[in-house]
Amino acid sequence: GGSLRGFAPPSIGWFRDRVTDPSRPPFSELVPLDAQPLTGCQGQALVQQGSYALFRLTEPCVDRRSPHCSLRIPGLAHGERFRVRLLHPMMHTTTMLDHGSAREEFSTSGIECPIGPQTGWPGGNIGGENHSTLVELFVEPPALVRGWSGELRRSGDAVIASLRSAAQRGVRSFRIAPGEYELGARTITLSGISDMVVRAAGVTFWFVPGGGLRLFDCHNLRWEGDHPLAPFAIDYDPPAYAQGRLTSVDRISSSSSVEAVFDTAFPMPSSEEAVFSRAGGAKVALWSAATRTMLRSPEGAVNAWFAGSTPLGQNGTRWRIEIGGHLDAIMQASPPQVGDLITVAPSRGPHALELDQCGMVTLRAFHIYGGTCMGIVEHPGRGANKYEQLRIGRRDGSSHLLSVTADGFHSVGVGQGATIRASEIAFTGDDLINIHNAICIVLERLSGTELVVADPKDTIFDTLGPGDDFALFDLHTREQVASGILAAS
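For our numbering, count along the sequence shown from 1 and bump the result up by 640.
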């Protein structure tokens, strides 16, 4: 709601590097540089290279009442996907104008994409010297994999194979071409990557619930997008929870139940859905339709548990939801009304991103928009990981209420804690940030080389093995008194 002071807009070089398909005829060959594919306003072509084009609007062209201009996308081939965005670098905002896949009739005539308030621009003039508005055109080649929602995406298998191969060869820098990559319901484990920079600007890894990214035994790894407007992102399709709108709250006081119609772009709140059948439990949250914020008090409304569901018809989208526990906290905060929103969120791994036995990993411009449990989990390892321009939240323009279904950031038992800078964690199903230590207690000394040790949280000896380092600390002073290498456990 306020201004973002000190934010530097990205350089033109940053935009120029975002070329998805160098083999595609560049826009400079399709549209002369002195011609403008903008009608109704004036624009300056900043970049026209490969499958990427960027224009600065030099004159105001849209007022609050109606659109005055449009962008013509020339020469799209059948199956090519396009995205058109307005970028307002000084205000750190973007607005998606249009996106989709070109149909056959677009192959020669092009596409007219209107620019104006009805497309989601938050208001005010577009363009002009004081606005520095940019129009970004981004075209991707025909994709290979159809996502759960029907959207075409590339398979991510080749990218993962190439990254693993590069790590084994000791390559110091690896670049993932911008694009949307489908990885399915698998946990993708990347092991033993050290002293490498992975550049992944404009890349999204798409998972199906049950999938996620795991970094194992990685050290001095830097994984980054270029900028908050071109991050590396993890997202899920379909989402890992049910979302709908309340149609009746008559029974909320008498039987702790509500009725709702659920969005078909999400799973239904049923044990027949895989995300619910695999989960040990699920939480119910009610949301204000006006503010899209959770109806809750600080005392625990986030822990209102899903106690069951009954189908009520309407093509399988209308359900009665039973709520168990902490309903009073919801009612005290703001009694829900018909038309308010509801989510039913199961929580069971894998997490969107797991750092297992890692140290000195840096993630920058790294966004997470979904997950079947926690957003980021780091656990036993040297730690000292850094997170810069991290965002765990809603994707811009998305209708999703939740980001992840459990904690946003969760750290347990690392040797040195994390550093988180210039980041946002929001709209999680449980804690925003949760940090635990993991301490083993020496119960008895059997000999000069043998100790009996209690591991109360069952975390250390799940991962500690022969050859690993350990240290002993005085219980009262916390000073280190000994260290060694584990022989057996």
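Idealized CB from N, CA, C, for every residue including glycine.
On a predicted model such as this, the values are computed, not experimentally measured, just so you know.
Span separating the alpha-carbon of residue i from that of residue j
{"i": "His1040", "j": "Phe916", "result": "18 angstroms"}
{"i": "Ser974", "j": "Met934", "result": "10 angstroms"}
{"i": "Tyr876", "j": "Ala882", "result": "13 angstroms"}
{"i": "Leu853", "j": "Asp1114", "result": "37 angstroms"}
{"i": "Asp968", "j": "Val889", "result": "14 angstroms"}
{"i": "Ser897", "j": "Ile828", "result": "39 angstroms"}
{"i": "Ile892", "j": "Leu926", "result": "12 angstroms"}
{"i": "Pro878", "j": "Val843", "result": "18 angstroms"}
{"i": "Phe872", "j": "Leu1030", "result": "10 angstroms"}
{"i": "Gly1055", "j": "Asp1047", "result": "21 angstroms"}
{"i": "Thr887", "j": "Val837", "result": "50 angstroms"}
{"i": "Phe1049", "j": "Asp1071", "result": "8 angstroms"}
{"i": "Ile751", "j": "Arg793", "result": "Bear in mind that a pLDDT of 41 at Ile751, under 50, signals an unreliable position, so the number given afterwards is only what the model happens to contain. About 21 angstroms."}
{"i": "Ser895", "j": "Val978", "result": "17 angstroms"}
{"i": "Leu952", "j": "Arg932", "result": "25 angstroms"}
{"i": "Pro818", "j": "Ala840", "result": "7 angstroms"}
{"i": "Arg936", "j": "Ser1038", "result": "22 angstroms"}
{"i": "Ala1005", "j": "His867", "result": "6 angstroms"}
{"i": "Pro976", "j": "Val901", "result": "15 angstroms"}
{"i": "Pro754", "j": "Gly999", "result": "The predicted position of Pro754 is uncertain, since its pLDDT is 46 and thus under 50; a value taken from the coordinates is nonetheless stated next. About 48 angstroms."}
{"i": "Leu1042", "j": "Ser795", "result": "26 angstroms"}
{"i": "Leu1112", "j": "Trp863", "result": "33 angstroms"}
{"i": "Val600", "j": "Asp1098", "result": "Because residue 600 is not part of the residues shown, which for the chain are 641 to 1129, the question remains open."}
{"i": "Gly585", "j": "Glu1084", "result": "Absent from the structure is residue 585, since the part of the chain shown begins at 641 and ends at 1129."}
{"i": "Val1092", "j": "Ser1051", "result": "26 angstroms"}
{"i": "Asn1077", "j": "Arg1118", "result": "14 angstroms"}
{"i": "Asp1108", "j": "Gln972", "result": "52 angstroms"}
{"i": "Cys858", "j": "Ile1073", "result": "22 angstroms"}
Where residue i falls, given that 16 or more other Cβ within 10 Å makes a residue buried
{"i": "Ile961", "result": "buried"}
{"i": "Glu1090", "result": "exposed"}
{"i": "Gly865", "result": "buried"}
{"i": "Met949", "result": "Reading off the sequence, residue 949 comes out as Ser, not Met. Buried, by the Cβ-count rule."}
{"i": "Glu769", "result": "Note that Glu769 scores a pLDDT of 47, beneath 50, so its modelled location is shaky and nothing firm can be said."}
{"i": "Pro672", "result": "Note that Pro672 scores 31 on pLDDT, short of 50, meaning its location in the model is unreliable; the coordinates nonetheless yield the value given after this. Exposed is the call here."}
{"i": "Ser802", "result": "exposed"}
{"i": "Ala1062", "result": "exposed"}
{"i": "Ala905", "result": "exposed"}
{"i": "Val799", "result": "buried"}
{"i": "Phe946", "result": "buried"}
{"i": "Asp980", "result": "buried"}
{"i": "Ala1094", "result": "exposed"}
{"i": "Pro1106", "result": "exposed"}
{"i": "Ser911", "result": "exposed"}
{"i": "His1116", "result": "exposed"}
{"i": "Leu1086", "result": "exposed"}
{"i": "Gly810", "result": "exposed"}
Distance CB(residue i)-CB(residue j) smaller than 8 angstroms
{"i": "Val903", "j": "Gly884", "result": "A small fix is needed here, since residue 903 is Asp in this sequence, not Val. Yes, the Cβ-Cβ distance between Asp903 and Gly884 is below 8 angstroms."}
{"i": "Ile970", "j": "Ala944", "result": "yes"}
{"i": "Phe845", "j": "Leu823", "result": "yes"}
{"i": "Ile982", "j": "Val924", "result": "yes"}
{"i": "Arg1034", "j": "Phe1067", "result": "yes"}
{"i": "Gln997", "j": "Phe1110", "result": "no"}
{"i": "Val1044", "j": "Ile1075", "result": "no"}
{"i": "Gly1023", "j": "Gly1057", "result": "yes"}
{"i": "Ala1122", "j": "Thr1012", "result": "no"}
{"i": "Leu995", "j": "Glu1018", "result": "yes"}
{"i": "Arg958", "j": "Glu899", "result": "yes"}
{"i": "Met908", "j": "Gly956", "result": "yes"}
{"i": "Gly1053", "j": "Pro1020", "result": "yes"}
{"i": "Ala929", "j": "Val984", "result": "no"}
{"i": "Asp835", "j": "Arg815", "result": "no"}
Proximity to residue i [Cα-Cα], best of the options
{"i": "Glu1128", "options": "His1116, Leu1104 and Ala1111", "result": "The sequence shown places Ala at residue 1128, not Glu. Selected option, being the one with the closest Cα: Leu1104."}
{"i": "Ile833", "options": "Ala841, Arg804, Tyr821 and Gly851", "result": "Arg804"}
{"i": "Gly850", "options": "Arg988, Ala1066 and Gly999", "result": "Arg988"}
{"i": "Ser831", "options": "Pro976, Val1001 and Ala1122", "result": "Val1001"}
{"i": "Gly1124", "options": "Lys1097, Arg1118 and Gly1088", "result": "Gly1088"}
{"i": "Phe847", "options": "Ala825, Ile1073 and Glu1119", "result": "Ala825"}
{"i": "Ile1060", "options": "Lys1026, Ile1079, Leu1042 and Leu1083", "result": "Lys1026"}
{"i": "Asp797", "options": "Leu861, Gln808 and Tyr821", "result": "Tyr821"}
{"i": "Gly633", "options": "Cys858, Glu1119, Ser911 and Pro986", "result": "Because the chain is modelled from 641 through 1129, residue 633 falls outside the range shown and cannot be assessed."}
{"i": "Ile1065", "options": "Asn1077, Val1092 and Ile1032", "result": "Ile1032"}
{"i": "Arg918", "options": "Asp1108, Pro990, Glu1084 and Val1092", "result": "Pro990"}
{"i": "Leu1126", "options": "Phe1101, Arg809, Leu1086 and Ile1079", "result": "Phe1101"}
Residues sharing a beta bridge with residue i, DSSP
{"i": "Ala873", "result": "Thr844 and His1007"}
{"i": "Ile1075", "result": "Ser1051"}
{"i": "Gln883", "result": "Thr983"}
{"i": "Ser834", "result": "His859"}
Short CB-CB distance (under 8 angstroms) between residue i and chain B
{"i": "Gly842", "result": "Reference to chain B is not applicable here, since this structure consists of a single protein chain."}
Any non-hydrogen atom of the ligand NAD within 7 angstroms of residue i CB
{"i": "Phe814", "result": "In the structure shown, the ligand NAD is absent, as is every other ligand, since no ligand is present at all."}
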